[in-house]
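Engineer: Take a look at this one; I'll ask things after.
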Amino acid sequence: MHEIICPHCGKAFKIDEAGYADIVKQVRDHEFERLLHERLELAERDKRSALELAEARLAGELRQATAAKDIEIQDLKSRLDAGDMARRLAVAEALALVEKERDALAGELHQARQEQAAASRLAEARLDAVQVEHRLALAEALGALQQERDALGGRLQHAQLEKQLAEAALKDKYETQLKDRDEAIERLRDMKARLSTKMVGETLEQHCETEFNRIRATAFPRAYFEKDNDARSGSKGDYIFRDTDDGGTEIVSIMFEMKNESDGTASKGRNEDFLRELDRDRKEKGCEYAVLVSLLEPESELYNTGIVDVFHRYPKMYVVRPQFFIPIITLLRNAAMNALRYKAELALVKAQNVDISNFESQLEAFKSAFGRNYELASRRFQTAIDEIDKSIDHLQKTKEALLGTDRNLRLANDKAQDVTIKRLTRGNPTMAARFAALGEQGSSQPE
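Next comes the structure, spelled out in structure tokens:
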């Protein structure tokens with residue numbers, strides 16, 4: 016039995032070994048599950064962040080290129096509109112000036128026609144000259160504005176052409192990437208179609224073993240990762256992973272099962288079909304966790320997320336895609352490393368409990384022996400007390416007898432002291448006469 020003190024109420028209660036082991040297991044499993052779920056959520060957030068960042072960066076580049084071209088087009092349009100407006104203003108100003116001068120010259124012409132006819136012809140000549148001059152200036156301004164407008168139109172067409180070329184280049188780039196990906200998928204499908212079912216499975220096992228051996232020396236120097244060849248129970252897994260610390264204490268153990276199939280297989284397998292057997296293999300081989308590395312159900316959004324926790328079906332079991340083979344080992348090992356400290360503390364507590372149990376057993380043995388000796392001594396002491404009480408009773412009786420004898424002797428002495436001649440001769444005249452005669456004779460004798 017173990018005595019445990021509640022940290023909240025301070026009350027002590029006792030539990031047996033099984034209850035204590037259950038409490039420790041609950042603490043360890045709860046801490047491990049919490050750490051594991053935190054690591055899985057962190058990995059999922061990192062994956063989503065990376066995807067969102069890539070999409071945002073790509074969309075930003077496209078928006079930036081489009082915005083730059085749109086800005087340049089808007090600038091050219093605004094400049095073209097400004098040129099048209101300047102041209103119109105210049106034409107309006109020139110026309111206003113011409114009309115103003117024409118009106119002035121017409122007034123002067125009217126006045127001069129009244130004064131002199133000759134002056135009229137001169138004014139008309141001057142008017143014609145001014146009109147010709149202004150028409151020439153207006154034609155030059157219109158030509159300059161037309162040239163500037165043509166130049167702006169050419170730049171606008173050039174900018175639009177660059178925008179179209181950039182969009183075409185981006186489209187060609189992503190179409191090329193999609194085409195390469197489709198070709199790679201097609202090559203993989205062709206390769207799977209040429210492989211048998213056994214070769215497909217062995218290919219996935221060889222891939223996982225190669226990936227693990229690449230990092231074994233640096234990440235898992237003391238780890239055991241070998242094929243499970245023990246089929247005495249009728250079934251076996253594919254690989255067993257075990258890792259220990261410097262002291263030889265096991266950190267974590269994992270039973271692996273690899274499942275794959277070709278695209279041409281008529282009956283498609285499901286991941287759930289292999290979980291029960293994997294859980295049985297895990298228990299028979301004494302492994303703490305079970306992991307199914309699977310390429311089955313390739314269209315499933317659940318399994319394509321990466322690491323799937325199936326604790327609701329079988330304890331300590333995961334289903335992963337091959338690209339998460341190394342990450343799941345790392346996550347489980349790191350979580351177990353955090354739990355190793357609790358294991359050490361548990362071992363220390365167990366050792367302390369063993370010492371306490373030994374001390375309690377020794378104390379109980381001492382109490383039992385002391386109790387037996389005390390009982391024997393108590394019985395003998397009681398016997399002695401009883402004998403003393405009997406002796407006291409006997410002496411008390413002797414005392415009472417002696418006291419009774421003394422009382423009788425005192426009464427006899429008192430009676431003896433009370434004896435006189437009168438009392439002796441009372442009622443006895445003969446003796447009274449004799450004693451009287453003797454008294455007379457004694458008084459008559461000479462002195």
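Just so it is clear: in the sequence shown, position 236 is 251 by the working numbering, and no numbers are missing. In this text, a Cβ means the ideal position worked out from N, Cα and C, and glycines have one as well.
Assign Asn-275 to buried or exposed, taking buried as 16 or more other Cβ atoms, counted over all protein chains shown, within 10 Å of its Cβ.
Structural biologist: The residue is buried, with at least 16 neighbouring Cβ atoms inside 10 Å.
Engineer: Which residues in the same chain have their Cβ closer than 8 Å to the Cβ of Lys-331, if we skip the five residues on either side of it in sequence?
Structural biologist: These residues qualify, in order along the chain: Arg-297, Glu-303, Tyr-304, Ala-305.
Engineer: Distance check for Leu-317 and Glu-265, CA to CA, integer angstroms please.
Structural biologist: Approximately 32 Å, taken between the alpha carbons.
Engineer: What do you get for Val-369, buried or exposed, if any count of 16 or more other CB atoms within 10 angstroms of its CB means buried?
Structural biologist: With fewer than 16 other Cβ atoms within 10 Å, it is exposed.
Engineer: Report the residue ranges of all alpha helix (DSSP H) runs contained in full by the stretch 66-134; include only those spanning at least 4 residues, in chain order.
Structural biologist: For the stretch 66-134, not a single whole alpha helix (DSSP H) run of length 4 or above is found.
Engineer: Starting from the Cα of Gly-534, find the closest Cα among Ala-359, Asp-408, Gly-122, Arg-425 and give me that residue.
Structural biologist: The chain is shown from 16 up to 462; residue 534 falls before or after that span and cannot be answered.
Engineer: Exposed or buried, Leu-363, counting other C-beta atoms within 10 Å across all chains shown (16 or more means buried)?
Structural biologist: By the neighbour-count rule (16 or more Cβ atoms within 10 Å), Leu-363 is not buried but exposed.
Engineer: Locate the alpha helix (DSSP H) running through Arg-336, then write down its first and last residues.
Structural biologist: From DSSP, Arg-336 is part of no alpha helix (DSSP H); its letter is neither H nor E.
Engineer: Kindly provide the ranges of any alpha helix (DSSP H) runs that are 4 or more residues long and lie completely inside the stretch 293-343, ordered along the chain.
Structural biologist: Listed in chain order, they are 316-319.
Engineer: What first and last residue would you give for the beta strand (DSSP E) that runs through Arg-257?
Structural biologist: Segment 254-259, the beta strand (DSSP E) holding Arg-257.
Engineer: Span of the beta strand (DSSP E) holding Ser-248?
Structural biologist: Per DSSP, Ser-248 belongs to no beta strand (DSSP E) and is neither H nor E.
Engineer: Anyone know if the C-beta pair for Asp-253 and Glu-272 falls short of 9 Å?
Structural biologist: Result yes, Cβ atoms of Asp-253 and Glu-272 sit closer than 9 Å.
Engineer: First and last residue of the beta strand (DSSP E) that includes Lys-287?
Structural biologist: Note that residue 287 is Glu in the sequence shown here, rather than Lys. No beta strand (DSSP E) contains Glu-287, which DSSP labels as neither H nor E.
Engineer: Thinking C-beta only, is Arg-328 closer than 9 Å to Glu-292?
Structural biologist: No. Outside cutoff.
Engineer: Compute the beta-carbon to beta-carbon distance between Asp-260 and Lys-300, rounded to the nearest angstrom, for a pair I have assumed lies under 8 Å.
Structural biologist: At roughly 21 Å, the Cβ-Cβ gap does not stay under 8 Å, so Asp-260 and Lys-300 are not in contact.
Engineer: Could you give the first and the last residue of the continuous beta strand (DSSP E) run that contains Phe-271?
Structural biologist: It spans 265-274 - the beta strand (DSSP E) in which Phe-271 sits, taken as one unbroken run.
Engineer: Kindly indicate the opening and closing residues of the beta strand (DSSP E) around Phe-240.
Structural biologist: It spans 239-242 - the beta strand (DSSP E) in which Phe-240 sits, taken as one unbroken run.
Engineer: Taking the beta carbon of Glu-415 as the centre, do at least 16 other beta carbons fall within 10 Å, making it buried, or is it exposed?
Structural biologist: Exposed is the call here.
Engineer: Is Ile-86 near Leu-171, with beta carbons less than 9 Å apart?
Structural biologist: Against a cut-off of 9 Å, the Cβ pair of Leu-171 and Ile-86 comes out as no contact.
Engineer: Three or more C-beta pairs closer than 8 Å, one from the stretch 54-61 and one from the stretch 346-361: is that the case here?
Structural biologist: Contact between the stretch 54-61 and the stretch 346-361 is present, because at least three Cβ pairs lie under 8 Å.
Engineer: Once you ignore the five residues that flank Leu-311 on each side, which residues in its own chain have a CB closer than 6 Å to its CB?
Structural biologist: So the qualifying residues of the chain are Lys-274, Gly-284, Asn-286.
Engineer: Is DSSP giving Gly-158 helix, strand or coil here?
Structural biologist: Note: Gly-158 maps to helix in three-state DSSP.
Engineer: With the cut-off set at 9 Å, would you say Ala-181 and Ala-119 are in Cβ contact?
Structural biologist: No, the Cβ-Cβ distance between Ala-181 and Ala-119 is not below 9 Å.
Engineer: Out of Leu-176, Asp-187, Phe-326, Ala-392, state which residue places its alpha-carbon closest to the alpha-carbon of Glu-48.
Structural biologist: Of Leu-176, Asp-187, Phe-326, Ala-392, the residue nearest in Cα terms is Phe-326.
Engineer: Between Leu-167 and Leu-91, is the Cβ-Cβ spacing less than 9 Å?
Structural biologist: In this structure, Leu-91 lies closer than 9 Å to Leu-167 by Cβ.
Engineer: Are the CB atoms of Leu-95 and Arg-164 nearer to each other than 9 Å?
Structural biologist: In this structure, Arg-164 lies closer than 9 Å to Leu-95 by Cβ.
Engineer: Going by C-alpha to C-alpha distance, which of Gln-432, Met-100, Ala-399 sits closest to Gln-161?
Structural biologist: Nearest of Gln-432, Met-100, Ala-399 to Gln-161, Cα basis: Met-100.
Engineer: To which residues of the same chain is Arg-60 closer than 8 Å at the C-beta, ignoring the five residues directly before and after it?
Structural biologist: The answer is none, since no qualifying residue turns up.
Engineer: Helix, strand or coil for Gly-262? Go by DSSP, reduced to three states.
Structural biologist: DSSP places Gly-262 in coil when its eight states are reduced to three.
Engineer: Leaving out five residues on either side along the sequence, give the residues of the same chain with a beta carbon under 7 Å from the beta carbon of Arg-237.
Structural biologist: Same-chain partners within the cutoff: Asp-258, Thr-259.
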